[in-house]
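**Student:** Residues in the sequence shown are numbered from 1 upward in steps of one, following full-length UniProt numbering. In this text, a Cβ means the ideal position worked out from N, Cα and C, and glycines have one as well. Quick caveat, the model's predicted, so the values are computed rather than measured. Pasting in a structure now, in structure tokens, and then I'll have a few things to ask.
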Amino acid sequence: MAEENHTLASEFILVGLSDHPKMKAALFVVFLLIYVITLLGNVGIIMLIQGDPRLHTSMYFFLSSLSVVDICFSSVVAPRTLVNILSERRTISFTGCTGQTFFYIVFVTTECFLLAVMAYDRYVAICKPLLYSTIMTRRQCMQLVVGSYIGGILNAIIQMAFIIRLPFCGSNIINHFFCDVPPLLALSCASTYINEMILFSLAGIIELSTVASILVSYIFISCAILRIRSAEGRQKALSTCASHLTAVTLLYGTTIFMYLRPSSSYSLNTDKVVSVFYTVVIPMLNPLIYSLRNQEVKGALSRVVERITVRV
């Protein structure tokens, strides 16, 4: 019996967000609508940047990279959630669950690194404009994006290497709508102290180091903006930073709340609500934030609309 009790569960049951029939129908419509808007918005940003030569700069290269990550990030969670909302049997295999957790960690970590890279790009553009094209070369931009993905993959590998070693010999019911690390750890019948320390340490290192780099970048940016004499120049510099700061605040606010607190304070019902925001809502909001608050993106969008109008 001891051996049986310490075998890995072959599948898990995802509780989801609600069992009420009317609520499930509403949730399905809302999740589907958000996911479609996420795909259309982020694909639209990518196509807009690729199709307008004026947007072929490092800033918009990073923005299109962020859109790719948002599409992948949302697609790790949303499709499975939609299926589970409609399904009576909300099971997911152990392999499927660990796979979802792995890719979720990859993309959320990559997004954190990318936001830090985008802050550095704004710092170079505003504080060192004469050296901008020399520093932010195409090769350098590619290396920064690839480095962000490598950081995400390494974090996921380390986390999952410890999770898959845990025995799941009790309940296989995950009180969540997707396979996240905290609810998975809650199911293990062995001590998860090491896993919690690794989760807290890695999340702390990644969150605090990227937040620190963003803050340092914006301290220098703020000093540079104050030295700009023309109101138009200050407004242009601020407009390119405002959308990025909004995206940073939304993502870091929710992820710090989720992962940089002791396990004793976890409330899975509260965590589910917060998780909906940063896994599904934020990827939908990012294209809106960057398009509505960025004059160059709005200009490119208006040129596309004009071309379509002329053809019609």
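Going residue by residue through the region 8 to 57, where are the continuous alpha helix (DSSP H) segments of at least 4 residues, counting only ones entirely within it?
**Tutor:** Listed in chain order, they are 21 to 51.
**Student:** In chain order, what residues of the same chain have a beta carbon less than 7 Å from the beta carbon of residue 256, not counting five sequence neighbours either side?
**Tutor:** The residues are 207.
**Student:** Do residue 189 and residue 101 have their C-beta atoms within less than 9 Å of each other?
**Tutor:** No.
**Student:** If the criterion is Cβ atoms closer than 9 Å, does the pair residue 202 and residue 192 meet it?
**Tutor:** Cβ atoms of residue 202 and residue 192: not closer than 9 Å.
**Student:** Look up residue 164 in the DSSP assignment and say whether it is helix, strand or coil.
**Tutor:** Note: residue 164 maps to coil in three-state DSSP.
**Student:** Counting along the chain, where does the alpha helix (DSSP H) carrying residue 91 start and finish?
**Tutor:** That residue, residue 91, is in no alpha helix (DSSP H); its beta strand (DSSP E) goes 91 to 93.
**Student:** In whole angstroms, give me the CA-to-CA distance for residue 52 and residue 15.
**Tutor:** Roughly 45 Å between the two C-alpha positions.
**Student:** I believe residue 113 touches residue 75 by the beta-carbon criterion, under 8 Å. Please report the beta-carbon distance rounded to the nearest angstrom.
**Tutor:** Between residue 75 and residue 113 the Cβ distance is about 19 Å, and since that is not below 8 Å, they are no contact.
**Student:** Three or more C-beta pairs closer than 8 Å, one from the region 63 to 71 and one from the region 38 to 53: is that the case here?
**Tutor:** Enough Cβ pairs lie closer than 8 Å, so yes.
**Student:** For residue 221, which residues from the same chain have a beta carbon less than 7 Å from its beta carbon, with the 5 sequence-adjacent residues on both sides left out?
**Tutor:** Correct list, in chain order: 122, 123, 126, 127 and 241.
**Student:** Identify the residues that DSSP records as bridge partners of residue 173: which are they?
**Tutor:** Its beta-bridge partners are 13.
**Student:** Does the region 81 to 91 touch the region 134 to 151, meaning 3 or more C-beta pairs lie closer than 8 Å?
**Tutor:** The region 134 to 151 vs the region 81 to 91: no contact.
**Student:** By Cβ distance, which residues of its chain are closer than 6 Å to residue 225, with the 5 residues on each side in sequence left out?
**Tutor:** The answer, listed in chain order, is 234 and 237.
**Student:** In whole angstroms, what is the alpha-carbon distance linking residue 284 and residue 34?
**Tutor:** So the two alpha carbons sit approximately 7 Å from each other.
**Student:** Shortest alpha-carbon distance to residue 197 belongs to which of 162, 229 and 218?
**Tutor:** Out of 162, 229 and 218, 162 has the C-alpha closest to the C-alpha of residue 197.
**Student:** DSSP three-state label for residue 141, please.
**Tutor:** Three-state DSSP puts residue 141 in a helix.
**Student:** Is DSSP giving residue 88 helix, strand or coil here?
**Tutor:** Coil at residue 88, not helix or strand.
**Student:** Can the beta-carbon of residue 118 be found closer than 9 Å to that of residue 166?
**Tutor:** Against a cut-off of 9 Å, the Cβ pair of residue 166 and residue 118 comes out as no contact.
**Student:** Quick check: what's the CA-CA separation for residue 274 versus residue 136?
**Tutor:** If you take the alpha carbons of residue 274 and residue 136, they lie about 35 Å apart.
**Student:** Can you tell me the Cα-Cα spacing of residue 229 and residue 239, whole angstroms?
**Tutor:** Computed Cα separation, rounded: 16 Å.
**Student:** Can you tell me which of the three DSSP states residue 236 falls into?
**Tutor:** Reduced to three states, the DSSP call for residue 236 is helix.
**Student:** Can you give me the Cβ contacts of residue 12 inside the same chain, cut-off strictly under 6 Å, excluding the 5 residues immediately before and after it?
**Tutor:** Excluding residues within five positions, the ones whose Cβ falls inside 6 Å are 92, 97, 172 and 174.
**Student:** Exposed or buried, residue 133, counting other C-beta atoms within 10 Å across all chains shown (16 or more means buried)?
**Tutor:** Answer is exposed; the Cβ neighbour count stays below 16.
**Student:** Start and end of the alpha helix (DSSP H) containing residue 228?
**Tutor:** Neither: residue 228 is in no alpha helix (DSSP H) and is coded neither H nor E.
**Student:** So for residue 179, helix, strand or coil by DSSP?
**Tutor:** Residue 179 falls in the coil class under three-state DSSP.
**Student:** Could you work out which residue in 21, 45, 253 and 23 is closest to residue 301 when comparing CA atoms only?
**Tutor:** Considering only alpha carbons, the answer is 45.
**Student:** Of all the options 157, 246, 231 and 58, which has the alpha carbon lying nearest to the alpha carbon of residue 287?
**Tutor:** Nearest option by C-alpha distance: 246.
**Student:** Starting from the C-beta of residue 294, find all residues in its chain whose C-beta is less than 8 Å away, skip the five residues before and the five after it, and write them out in chain order.
**Tutor:** The residues are 239, 240 and 243.
**Student:** Are the beta-carbon atoms of residue 199 and residue 259 separated by less than 9 Å?
**Tutor:** A contact, by the Cβ cut-off of 9 Å.
**Student:** Who are the near neighbours of residue 28 in its chain, counting only those whose CB is closer than 7 Å to its CB and skipping five residues on each side?
**Tutor:** So the qualifying residues of the chain are 82, 85 and 86.
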